[in-house]
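**Q** Starting off with a structure, shown below.
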Amino acid sequence: MFDVLEELNEAQREAVIHDGGPLRVLAGAGTGKTTTLSARVAWLLAHGTAPERILLLTFTRRAARQMLHRTAALLARTDAEAQSAARVVGGTFHAVAHRTLRRHAPALGLAEGFSVLDPADAADVIDMVREEAGHATTTGRRFPRKALLADLYSRAVNTGRPISEVVADVAPWANDLAEPIGDICRGYVARKRAGSLVDFDDLLLLWRAAAADERLGPRLAGAYDHVLVDEYQDVNGLQVDVLRALRRDDRRITVVGDDAQAVYSFRAAEPRHILDFHLAFPGAHTVVLTANYRSTQPILDTANALGSEADEGFSAVLRAAKGASGERPKLVHCADEDSQCVHACEQILAHREEGIALRDQAVLVRAARHSNLLELELAARRIPYVKYGGLRFTEAAHVKDLLAAFRVADNAADVLAWFRVLQLLDGVGPVIARRALAALGLTGVDIAHAENGETMSRWPVAAAELPAACRPAAGALADAMAGREGEGVAAHAERLRAAMAPIVQRAYPDGAARLVDLEALVVAAAKVSRLSDVAADFALEPPRSTSDLAGPPSIDEDWLTISTVHSAKGLEWDVVHILHATDGMIPSDMSLSTPSGLEEERRVFYVGLTRARRSLLVYLPLRYHHRPHGRDDAHGWAQPSRFLTEKVRATFDDVHESFDILEAAGAGAAGDGLARLSETLESLWS
DNA sequence: TAATGGGGGTTTTTT
DNA sequence: ACCCCCATTA
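Under the numbering used here, the first sequence has 1669 at position 295, and the numbering climbs by one with no breaks.
Here is the structure:
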């Protein structure tokens, strides 16, 4: 009757049809986690649960989309209505928190147009507080910078530990500064409240507060019949609190995860939450998925060997459902980083010749910059790729400029957005911007509930602080900020764009080229109900890949994926190349100060290995140049990753650089240079 | 006071 | 290689 179940194994089927209290699915890598969760949602829908009453929390919005897409496909094969999948409430904790807060802002004492700060914004607000406290300039003593301060603050909030402990943990060199750091945190919170600014942590804190609230809480909890959570090994205490509050009277919650893949402790995630699920949700039933449908057994042997050496050993040993056959993973020894790039490219092309398209291959790295050299090599060889993770947004500064204008229009108390917009004006720097903010009455902590109109009524005073030259542009902008009776969001956005366009164009050397992007924001504004939502959506779902920013290399062409291991979580490819299996890279030397840090690095490696379906190649450069761009040959010898123990190595076939490849690599530098020169000249001939 | 250029310190992973 | 700070100049 429900033929979806036919294709599931017994354990998966048990999880899908489970009816009753809390359910925990422990699903090792490649054991059909997504399949099971999608099928469970389909099952619930087919058995009469209204889609709006299902909450599906995933790690990225992309994961939610993917899962609901599969749910729809499953439903299409039965008589059930496939479109209903689209109405399931899905997204990340933060995105769902945001939607909830928008709906209930007044009840929570929040301004309706509250602004969402992305991490860079949050750091900038902290920097304002830091500067005003004078720490930037006092006596040359090293003081934590904005990014570190933001990190310290966030950890304290997410773990509920005092700031002094967090400092001792993360930045022991600043131990004696715990007190001024605490003051900055206090100032940061005050500044946010005053400006109706909400950072990512606040989204969760406020959602928790709402869900625990006597009056609001029952309504929020009662809105869902079923709550399903993916990647549960990566939730933190705050998120568990939210779930408990949402399931105060109703015990129907399903969580799926794998403690062997917990890699987000820097975000205060703790795998103990999945291990101790039954403590938070008494009476929980557990289903364990062990059959691996993704990889060949030789690849799983490597992963199992690595897992067996973990401090506490991984609970599940992975077994390939496909049987024991398959090609053994390769450990590719390379002379240095340059030769690693050459080898990787040749392996990629060799697999492509064997019929494995570029889209079925991925290069994984621990840190985004580890692929920089490879990207040059790929570009030189005309191999198209899309990179996930580690994106820098500075190029998108103009986008944030217009978003700041949107934010001010909806929330005139948004000091940070004002500060940003004002400084774009010609002849306005931090000092004049601050004066203008003071004139607007935005400097104190007691500005909390000033009406937008009240703030804007002071605009003429603020304008008087600005240099005469920029007053026309500033005046036009202030006009555009004021909403008009009966005006739609899109129309208002368009007026703001028109006012900002000349300002943005002036502010950047390549200003004209940036104007196109601003129009995209106006289009986005047509789809939401208020201007600050555009900015919030951008903060919560920023471009995740180079293709999100620039469009895929070419729509119907084939391209390779480059990704950080973190961004590759939950994905799989036929062929996986892992670069830089050296100590200091994997494991990252940033994580070695604590034993748990090292264990997490092991899991990162494990996640990387288990992404591969058919072929796995791990690259091991033997030496690194001290000055990669210098002309000398100064270098140090690399230590193979400490995770490549005898036992792990025994599962690999070693591939050593053959002499001619070595020569090719050596000649490669000069040869490539010549090739590139020819290319450069080539443009002259047409 | 804003804009600009040189020097020194830092360098992970992401909602 | 990049960001941040600081000194110099307009």
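Note that beta-carbon positions come from the ideal geometry of N, C-alpha and C, so glycine has one too.
Please state whether DSSP places R1618 in a helix, a strand or coil.
**A** DSSP places R1618 in helix when its eight states are reduced to three.
**Q** So for H1954, helix, strand or coil by DSSP?
**A** Here H1954 sits in coil by DSSP.
**Q** For a test of the three-state rule: what should DSSP assign to W1933, helix, strand or coil?
**A** Here W1933 sits in coil by DSSP.
**Q** Enumerate in chain order the residues of its own chain whose CB-to-CB distance from L1892 is below 8 Å, with the five nearest sequence positions on each side excluded.
**A** Excluding residues within five positions, the ones whose Cβ falls inside 8 Å are H1772, V1773, L1776, R1871, M1874, A1875 and V1878.
**Q** Threshold first: 4 residues or longer. Then list the alpha helix (DSSP H) segments lying entirely within the region 1955-1996, N to C.
**A** Runs of the alpha helix (DSSP H) inside the region 1955-1996: 1969-1983.
**Q** From the DSSP output, in three-state form, read off G1611 for me.
**A** Here G1611 sits in helix by DSSP.
**Q** Per DSSP, L1400 is paired with what?
**A** Its beta-bridge partners are G1631 and V1662.
**Q** Can you say whether E1605 is buried or exposed, counting buried as having 16 or more other CB atoms within 10 angstroms of its CB?
**A** With 16 or more Cβ atoms within 10 Å of its Cβ, E1605 is classed as buried.
**Q** Whole angstroms are fine: how far does the CA of S1906 sit from the CA of G1982?
**A** Answer to the nearest angstrom: the Cα atoms are 38 Å apart.
**Q** In this structure, how does DSSP classify K1943 when only helix, strand and coil are distinguished?
**A** Looking at K1943 - three-state DSSP - the assignment turns out to be coil, as it is neither helix nor strand.
**Q** Secondary structure at T1474, three-state DSSP: helix, strand or coil?
**A** Helix, per DSSP.
**Q** Starting from Y1562, follow the alpha helix (DSSP H) in both directions and report where the run begins and ends.
**A** Element bounds for Y1562: A1552 to G1569.
**Q** Could you check whether the Cβ of R1626 sits closer than 7 Å to any heavy atom belonging to the ligand GTP?
**A** The ligand content of the structure shown is nil, which means the ligand GTP is not present either.
**Q** Which of helix, strand or coil does DSSP assign to T1938?
**A** Of the three classes helix, strand and coil, the one that applies to T1938 here is strand, per DSSP.
**Q** Nearest-angstrom Cα distance between G2004 and C1715?
**A** Because the pLDDT of G2004 is 48, which lies under 50, any placement of that residue in the model is unreliable, and the number read from its coordinates should be weighed accordingly. Cα to Cα, the separation comes out at about 18 Å.
**Q** With a 10 Å radius around its C-beta and 16 neighbouring C-beta atoms as the bar for buried, classify G1681 as buried or exposed.
**A** With 16 or more Cβ atoms within 10 Å of its Cβ, G1681 is classed as buried.
**Q** V1490 to L1914, Cα distance in whole Å?
**A** Rounded to whole angstroms, V1490 to L1914 spans 9 Å at the Cα level.
**Q** Expressed to the nearest angstrom, what Euclidean distance is found between the alpha-carbon atoms of D2028 and A1742?
**A** One C-alpha to the other measures close to 26 Å.
**Q** Tell me whether L1379 is buried or exposed, calling it buried when 16 or more other Cβ atoms sit within 10 Å of its Cβ.
**A** Under this definition L1379 is an exposed residue.
**Q** Just to confirm, is the Cβ distance from C1708 to P1883 under 8 Å?
**A** No, the pair does not count as a contact, with Cβ atoms beyond the cut-off.
**Q** Check the C-beta distance from R1398 over to T1664 and give it rounded, since I have them as a contact under 8 Å.
**A** Between T1664 and R1398 the Cβ distance is about 15 Å, and since that is not below 8 Å, they are no contact.
**Q** Can you tell me where the beta strand (DSSP E) with A1736 in it begins and where it stops?
**A** Where A1736 is concerned, the enclosing beta strand (DSSP E) stretches over Q1735 to V1739.
**Q** Could you please give the first and the last residue of the uninterrupted alpha helix (DSSP H) stretch that includes Y1598?
**A** Note, Y1598: premise wrong, no alpha helix (DSSP H); not H, not E.
**Q** Report all residues from its chain with a CB closer than 6 Å to the CB of D1675; omit the five preceding and five following residues, and keep chain order.
**A** Cβ neighbours of D1675 beyond the five flanking positions: T2025.
**Q** Can you grab the Cα-Cα spacing for the pair R1808 / V1795, in whole Å?
**A** Roughly 12 Å separates the two Cα atoms.
**Q** Which residues share a DSSP beta bridge with V1462?
**A** DSSP, once it has assigned bridges, lists no residue as partnering V1462.
**Q** Roughly how many angstroms separate the alpha carbons of G1534 and P1916, rounded to a whole number?
**A** Each residue's Cα considered, the two are about 27 Å apart.
**Q** Quick one: is T1968 buried, meaning 16 or more other Cβ sit within 10 Å of its Cβ, or exposed?
**A** Counting Cβ neighbours within 10 Å, T1968 comes out exposed, since fewer than 16 surround it.
**Q** Which residue comes first and which comes last in the beta strand (DSSP E) that contains L1692?
**A** Note, L1692: premise wrong, no beta strand (DSSP E); not H, not E.
**Q** Which residues does DSSP pair with H1707 in a beta bridge?
**A** According to DSSP, which records beta bridges pairwise, H1707 is partnered with L1994.
**Q** Which same chain residues, not among the five before or five after R1477, have their C-beta less than 7 Å away from its C-beta?
**A** If we look at R1477 and ignore the five residues flanking it on each side, it has no Cβ neighbours.
**Q** Please confirm whether G1801 and P1841 have their CB atoms less than 8 Å apart.
**A** Yes.
**Q** Which term fits P1961, buried or exposed, when burial requires 16 or more other beta carbons within 10 angstroms of its beta carbon?
**A** Looking at its Cβ environment, which holds 16 or more other Cβ atoms inside 10 Å, P1961 is buried.
**Q** Which residues does DSSP pair with Y1759 in a beta bridge?
**A** Its beta-bridge partners are L1934.
**Q** Tell me, which residues are paired with S1489 by DSSP?
**A** S1489 pairs with L1571.
**Q** Please determine, among N1826, A1437 and I1555, the residue with the shortest C-alpha to C-alpha distance to G1857.
**A** Answer by Cα proximity: N1826.
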